[in-house]
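Quick note: the sequence shown, position 29, residue 29 per UniProt numbering, numbers continuous. C-beta atoms are modelled at their ideal positions from N, C-alpha and C, and glycine is treated no differently. One structure is given below, encoded as structure tokens.
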Amino acid sequence: MDTIINSKISYVKLALTSILLTATIQSQPDKKGVLSMSFTLTSSAFLHEERIPSQYTCEGEDISPSLEWSDVPEGTKSFTLSCLDPDAPPGTWVHWVLYDLPAGASSLDENLSKSEKLENGAFQGACWGVDSFSRVGYYGPCPPPGHGNHRYYFRLYALDTESLSLPPSATWFQVDKALADHVLGTAEYMGTYSR
């Protein structure tokens with residue numbers, strides 16, 4: 001009887017530890033000690049953790065995919081978007097940086113213009129950063145042939161500031177440094193690609 005009771009107690013302890021660990025992973029304080037909340041990022045262009053269609057890569061039209069987001073944290077004043085490949089041979093490769101997106105935005109259309117600043121509609125004033133080749137705009141997956149499957153993380157940051165006060169064509173390093181103390185929440189969507 002004692003063995004059964006001890007087994008049940010051990011199971012309850014394991015379950016509680018698992019719940020606490022999950023909550024800790026999902027709600028980490030940011031650098032200011034403020035709890036960073038997650039929200040939802042999706043795309044109608046491809047499924048999460050699935051292969052990115054070639055039209056969004058260097059083997060196709062190389063156009064940006066559509067993205068949609070919802071359930072943003074309260075107090076959000078702007079967004080920053082990045083697309084990074086951590087599997088690139090020289091280290092993390094930057095494919096897309098867009099910052100100072102207004103808080104009212106909830107989606108990006110497919111095939112956004114690659115000018116330094118978006119001057120139209122809801123995105124007026126948003127700025128493109130540069131990729132790892134110092135090019136403005138979206139440049140999609142283009143892993144070395146035979147290098148295997150690469151992961152492409154589209155990450156959207158909800159920020160407590162309207163602007164990062166950076167000029168157009170900032171690098172990801174500059175953008176990442178500028179947003180560090182302003183993150184209210186993040187959303188992530190991942191696709192894969194290989195050649």
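Point to revise | Boundaries of the beta strand (DSSP E) in which Phe173 is found, first to last residue | key: Phe173 -> not in any beta strand (DSSP E); alpha helix (DSSP H) instead, spanning 172-179.
Exercise for review: Along the beta strand (DSSP E) that carries Val183, what are the first and last residues, could you check?
Suggested key: 183-193
Exercise for review: Just the C-alpha distance for Val34 and Glu162, rounded to the nearest angstrom, thanks.
Suggested key: Because Val34 carries a pLDDT of 45, less than 50, the predicted location of this residue cannot be relied on, and the following value inherits that uncertainty. Val34 and Glu162: Cα-Cα distance of roughly 18 angstroms.
Point to revise | Sufficient close CB pairs (3 or more, under 8 angstroms) joining the stretch 108-115 to the stretch 127-136 | key: yes
Exercise for review: Flag this pair as touching only if the stretch 185-194 and the stretch 146-157 have three or more C-beta atom pairs under 8 angstroms; answer yes or no.
Suggested key: yes
**Study point:** Own chain residues within Cβ distance below 8 angstroms of Glu49, not counting five before or after
**Key:** Met190, Gly191, Thr192
Exercise for review: Kindly indicate which residue of Pro144, Gly129, Pro143, Glu188 has the alpha-carbon position closest to the one of Val178.
Suggested key: The sequence given here places Ala at residue 178; Val does not occur at that position. Comparing Cα positions, the closest option is Gly129.
Review point. Is Thr80 buried or exposed, if buried means 16 or more other CB atoms sit within 10 Å of its CB?
Key: buried
Exercise for review: Would you kindly work out how many angstroms separate the C-alpha atoms of Ser44 and Pro90, rounded to a whole number?
Suggested key: 30 angstroms
**Study point:** Identity of the residue in Gly125, Ala105, Gly104, Gly140 nearest Pro53 by Cα
**Key:** Gly140
Check your understanding: So is Phe173 buried or exposed if we call it buried at 16+ other beta carbons inside 10 Å?
Key -> exposed
Review point. For Ser78, does the count of other Cβ atoms within 10 angstroms reach 16, so buried, or fall short, so exposed?
Key: buried
Review point. Among residues of its own chain, excluding the 5 on either side of Trp96, which ones have a beta-carbon nearer than 6 angstroms to its beta-carbon?
Key: Cys83, Tyr138
Practice item. Could you tell me which of Pro167, Asp87, Ala158, Thr57 sits nearest to Ala105, measuring between CA atoms? Key: Ala158
Check your understanding: Got a sec, what are the start and stop residues for the beta strand (DSSP E) residue 200 sits in?
Key -> Any answer about residue 200 is impossible in this case: the structure gives the chain only from 1 up to 195.
**Study point:** Entirely enclosed alpha helix (DSSP H) segments - the stretch 110-174, minimum 4 residues
**Key:** none
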